[in-house]
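Down below is the structure, laid out as structure tokens.
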Amino acid sequence: MAGRISPDYWIFFDGGSRGNPGPGYGSYVIRTRDGREDRRRLTFAEALTNNEAEYRTLIAALDDLIDRIQRAGKDPAAFTVEIRGDSRLVLAQLKGDFRVRAAHLRPLWEAARGRLARFREARLVWQPRAATRAVLGH
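Numbering of the sequence shown is given in numbering that gives the first Met the number 0, commencing with residue 0 and proceeding in unit increments.
Take a look at the structure:
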């Protein structure tokens, strides 16, 4: 990674369900370049699969970050974001490495892709579960 410029923001995310499908939940951290962090925990009203919860959590985090940037009077297109999570499926689908075969995931994939496109650059990075747990605390 030598020579790679540090992103303006990082998003660390994780989602899941109690049962699959079952009650969905998620959490994310938005970290700024200067080290400030904001942590959110989410509970979804409906039963979701683990992958739906992962996507819904990432979309919520992206919406949160876009809203923060716009409230500051700035355009997300001026910023870079690095997305980190341990969902190989979600990250590979968003990168275009895997096709979205499950019809119920396609609208979530489209929503996430649309939000990622609002940034100057969005890097998608898989990390081991232990690294996600270290950041999110679970």
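Quick reminder that beta carbons are idealized off the backbone N, C-alpha and C, glycines included.
The DSSP assignment places complete alpha helix (DSSP H) segments of no fewer than 4 residues inside the stretch 54-111 at 87-94, in order along the chain. A111 is classed as buried because its beta carbon has at least 16 other beta carbons within 10 Å across all chains shown. Collapsing the DSSP output to three states places G21 in a strand. The C-alpha of R70 is placed about 28 Å away from the C-alpha of R3. Per DSSP, reduced to three states, the secondary structure at G136 is coil, with no helix or strand assignment.
Sequence-distant Cβ neighbours of G136 in its own chain, meaning closer than 7 Å and more than five residues away, do not exist here. Judged by their CB atoms, R40 and S26 are nearer to each other than the 8 Å cut-off. A check of alpha carbon separations from I29 across T131, F12 and P127 identifies F12 as the nearest. Closest by C-alpha distance to D62, out of F118, Q126 and V99, is F118. Closest in alpha carbon position to P6, among I82, N50 and A46, is I82. Within the same chain, Cβ atoms closer than 8 Å to the Cβ of N19 are found at T48 and N49, the five residues on either side in sequence being excluded.
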